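**Q**
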Amino acid sequence: MNAATPSPRKEESAQQRWDRIPVLKTGDDYLASLRGRGTRLFLFGELIDEPADHPIIKPSINALRASYDLAIDDPELATAWSPLINDRVNRFLHIVESPDDLVMKNRMQRRMGQITGTCFQRCTGLDTISVLHSITYEIDEKHGTHYHQRYLDFLKEAQRKNILIAAGMTDPKGDRSKRPAEQSDPDMFMRVTRRTDKGIYVKGVKAHMTGGWNQHWICVMPTMNLTEADRDYAVVGMIPGDAEGITYIYGRQSCDTRAMEGGEIDQGNAQYGGQEVLVYFDDVFIPHEHVLMDGEYEFAQDMVARFTAYHRASYVCKTGLGDVLVGAAASIAEYNGLEKVSHIRDKLVEMVHLNETIYSSGIASSHEAKKMPSGIYMNDAMLSNVCKHNVTRFPYEISRLAQDLAGGIMVTMPSEQDLENEEAGEIIRRFLKGREDIPTEDRMRILRLIENMTLGRNAVGYLTESMHGAGSPQAQRIQILRGMEVDKKKWHARKLAGIRQEA
Ligand SMILES: Cc1cc2nc3c(=O)[nH]c(=O)nc-3n(C[C@H](O)[C@H](O)[C@H](O)COP(=O)(O)OP(=O)(O)OC[C@H]3O[C@@H](n4cnc5c(N)ncnc54)[C@H](O)[C@@H]3O)c2cc1C
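When the letters of the sequence shown are read in order and numbered with my numbering, they come out as residues -18 to 484.
1) Pull up the distance between the alpha-carbon of A215 and that of D34, whole angstroms please.
2) Between N366, E(-8), Q(-4), which lies nearest to D178 when the distance is taken from Cα to Cα?
3) What residue ranges within the segment 271 to 346 form continuous beta strand (DSSP E) runs of no fewer than 3 residues, ordered along the chain?
4) Among Y253, D264, P64, F135, which has the Cα closest to the Cα of V499?
5) Quick one: grab the DSSP three-state call for V77.
6) Answer yes if the segment 151 to 164 comes into contact with the segment 105 to 121, meaning at least three C-beta pairs across the two stretches below 8 Å, and no otherwise.
7) If we count the other Cβ atoms within 10 Å of its Cβ and call it buried at 16 or more, is G243 buried or exposed?
8) Considering only C-alpha positions, which residue in the set V441, G308, E78, R72 is nearest to D55?
9) Please look up how many angstroms separate the CB atoms of T526 and F288, rounded, as I've assumed it's under 8 Å.
10) When you compare only the Cα positions, how much space is there between M465 and Y132?
11) Measure the Cβ-Cβ separation of T228 and F23 and say whether it is below 9 Å.
12) What do you reckon, is the C-beta of G452 under 8 Å from a heavy atom of ligand 1?
13) Could you name the residues of the same chain whose beta carbon sits closer than 7 Å to that of R438, not counting the 5 residues immediately before and after it, in chain order?
14) Comparing C-alpha positions only, which one of I390, Y11, I419, A(-5) sits nearest to Q196?
15) Should N19 go down as buried or exposed, given a rule of 16 or more other Cβ atoms within 10 Å for buried?
16) Excluding five sequence neighbours on each side, which residues of the same chain lie with their C-beta closer than 6 Å to the C-beta of Q457?
17) Hey, quick one: how far does the beta strand (DSSP E) through W198 stretch, first residue to last?
18) So, are the CB atoms of R494 and G308 less than 9 Å apart?
19) Any idea what DSSP makes of N(-17), helix, strand or coil?
20) Less than 8 Å between the CB of C100 and some heavy atom of ligand 1, yes or no?
21) Please list, in chain order, all residues of the same chain as A(-16) whose beta carbon is under 8 Å from its beta carbon, the five residues on each side excluded.
22) With a threshold of 16 other CB atoms inside 10 Å of the CB of W194, please say whether the residue is buried or exposed.
23) Between T105 and ligand 1, is there a pair consisting of the residue's CB and a ligand heavy atom that are separated by less than 8 Å?
24) Which runs of the alpha helix (DSSP H) fall wholly inside the segment -12 to 72 and span at least 4 residues, in chain order?
25) Would the segment 340 to 349 count as touching the segment 75 to 87 if we require 3 or more Cβ pairs under 8 Å?
26) Output the residue ranges of the alpha helix (DSSP H) runs that lie fully inside the segment 378 to 461 and measure 4 residues or longer, sorted by chain position.
27) Helix, strand or coil, according to DSSP, for E119 in the structure here?
28) Under the three-state reduction of DSSP, which class applies to W472: helix, strand or coil?
29) Could you work out which residue in D68, L5, E446, Q(-4) is closest to Q256 when comparing CA atoms only?
30) Is DSSP giving E257 helix, strand or coil here?
31) Out of H292, S(-12), K142, R103, which one is the CA nearest neighbour of W(-1)?
32) Exposed or buried, what is R239 when buried is set at 16 or more other beta-carbons lying within 10 Å of its beta-carbon?
33) Residues in its own chain within less than 7 Å of T97 by CB, not counting five upstream and five downstream?
34) For ligand 1, I want to know if K187 counts as a neighbour, meaning its beta carbon is within less than 8 Å of at least one of the ligand's heavy atoms.
35) With a Cβ-Cβ cutoff of 9 Å, do P221 and I2 count as a contact?
36) Classify V322: buried if its beta carbon has 16 or more other beta carbons within 10 angstroms, exposed otherwise.
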């Protein structure tokens, strides 16, 4: 084909894009929808034929699949009534109509964390559709554009088909002291390269994308405030995960190749894992119907701030993982015959206290949500930032305490293959026993789970994602500084001290 003539697939219409995705009801439907998409995904230097069946990728798909299963098993918790399509929809696709919706979302997130013990990759998409409701509405009000209706049309179809949306916000950013338009490589931040009568073309990379390959659509959006010089970088668009021009490069995680060793004990959590991918968009087409911002640079800052107001409270999901880790620490103490010892109990109390402190700030932020002009509710930004800031610290302390209770054997323990070996296995089963009535294998399994969450694959989701996801710690401190109303606080103090001041 002539280089100047785009292939029919490249410039397909919004409808053609939707037509390729079936209606998904069950976890099996979801799994089937990922197969045969013809995507380009690199893992360990090779293009993978069918990523859905790869042993390293599969646990991350299972985690998302659990969100379909939960909607069937517990519809009260994991579905909601959508007035947009007059039907019940998965709560991960529901528009926030009240503070209660946000509270229910937090409860569901904690439950998902308890079920999977990992990042289940669906919160970024929900928080993206939440922020786009108010942002598209306000851009239209100022510029007379039609983004909000496009957004509602997209969301209705997303709810009907019950699909997944990944959030492509973080650009590679290059030299962090420079703005997008000042970078030596103009593609260091995603930008619009061309506009035609049918749509726009975008180029760039979105980094760290959670569950990026596992989802049906990717929403690309700016990562920071922009100026007029950055106008081409002010772009929001919905792109199908199998669009022409996308290349995925899989992010490897600590201990990931244990999934290829055959056994399951050494994986710690053989069923569930997270996923992050580097996604390259090489002149990817977006039809006008799926463009939700193009050039309105002055809205980028609000968009990022509102996204983080939702997303930083979504980190209550980590309390579900915290519940699992507290349970694992309590189990190993019990298997060692130490569950009644006072310092052990006190350490468990400390772990729970930290975990519930995270939960309380997140859920308070949801209860305190305020209505936006578009009609949607948004989390209280101060409390949401406090929640995320707690998350940058407390899981590390909870992990330290879990490792304390686990003992050194957590990192010096022989492999599952040695356990299976007749000679070595006999020694291991005899000498790695704790309490008489507990099988050595059970003790090893719980130790591997603690290793998995604090040093292995799921430490990505429990620790480093807690640190950097939704912004590194300093990003929350900046927001706390902006919202801390110190003048008001000074007024209260001075009034009590009897200092004269204006009312
Ligand atoms: C597991 C995981 C999952 C993620 N999932 C997603 C996702 O689904 N979608 C998505 O869009 N993003 C995702 N992210 C990205 C996340 O939002 C970023 O990691 C975060 O915004 C920090 O950016 P960075 O990693 O590029 O850090 P860097 O920018 O490299 O920051 C490193 C350090 O430098 C500091 N720093 C950076 N720039 C400046 C500056 N200009 N001035 C002063 N200090 C600076 C930071 O505070 C930090 O301490 C994910 C990240 C992780 C770790």
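We treat Cβ as the ideally placed atom computed from N, Cα and C, and that holds for glycine.
None of the values given here were measured: they were computed from a predicted structure.
**A** So, to answer that:
1) Their Cα atoms are separated by approximately 37 Å.
2) Of the listed residues, the one whose Cα sits closest to D178 is E(-8).
3) The segment 271 to 346 contains, as complete beta strand (DSSP E) runs of 3+ residues, the segments 272 to 275 (chain order).
4) Nothing about residue 499 can be reported from this structure: the residues present for the chain run from -18 to 484 only.
5) V77 falls in the coil class under three-state DSSP.
6) By the Cβ rule, the segment 105 to 121 does not count as touching the segment 151 to 164, because fewer than three pairs are nearer than 8 Å.
7) Flag for G243 reads exposed.
8) Nearest option by C-alpha distance: R72.
9) Outside the displayed span of the chain (-18 to 484) sits residue 526, for which this structure offers no information.
10) Here the C-alpha atom of M465 lies approximately 33 Å from the C-alpha atom of Y132.
11) Note that the C-beta distance between T228 and F23 is below 9 Å.
12) Ligand 1 approaches G452 closely enough that one of its heavy atoms is under 8 Å from the residue's Cβ.
13) The residues are Q234, S235, C236, D237, G254.
14) Of I390, Y11, I419, A(-5), the residue nearest in Cα terms is Y11.
15) Looking at the sequence provided, one finds Gly at residue 19 rather than Asn. Of the other Cβ atoms in all chains shown, fewer than 16 fall within 10 Å of the Cβ of G19; this residue is therefore exposed.
16) Hits under 6 Å: N366, K369, H370.
17) For W198, the enclosing beta strand (DSSP E) begins and ends at 198 to 201.
18) Here the chain comprises residues numbered -18 to 484, so residue 494 is not present and cannot be evaluated.
19) Bear in mind that a pLDDT of 47 at N(-17), under 50, signals an unreliable position, so the model cannot answer this.
20) Within the cutoff, so yes.
21) Residue placement at A(-16) is flagged as unreliable, the pLDDT there being 48, under the threshold of 50; a coordinate-derived value is accordingly withheld.
22) So W194 ends up on the buried side.
23) Yes, the Cβ of T105 comes within 8 Å of a heavy atom of ligand 1.
24) Segments of the alpha helix (DSSP H) lying fully in the segment -12 to 72: -5 to 0, 8 to 15, 39 to 54, 56 to 59.
25) Here the segment 340 to 349 lies against the segment 75 to 87, with 3 or more beta-carbon pairs under 8 Å apart.
26) With a minimum length of 4 residues, the continuous alpha helix (DSSP H) runs that stay inside the segment 378 to 461 are 390 to 393, 397 to 401, 403 to 412, 421 to 435, 446 to 449.
27) The three-state reading of DSSP puts E119 in helix, counting H, G and I together.
28) W472 falls in the helix class under three-state DSSP.
29) The candidate whose alpha carbon is nearest that of Q256 is E446.
30) Looking at E257 - three-state DSSP - the assignment turns out to be strand.
31) Nearest neighbour of W(-1) by Cα position, chosen from H292, S(-12), K142, R103, turns out to be K142.
32) Burial state of R239 is buried, judged by a 10 Å Cβ sphere holding 16 or more other Cβ atoms.
33) If the five residues before and after T97 are omitted, its C-beta is found closer than 7 Å to the C-beta atoms of A44, A47, Y253, all from its own chain and listed in chain order.
34) True, at least one ligand heavy atom lies under 8 Å from that Cβ.
35) Contact flag set, yes.
36) With fewer than 16 other Cβ atoms within 10 Å, it is exposed.
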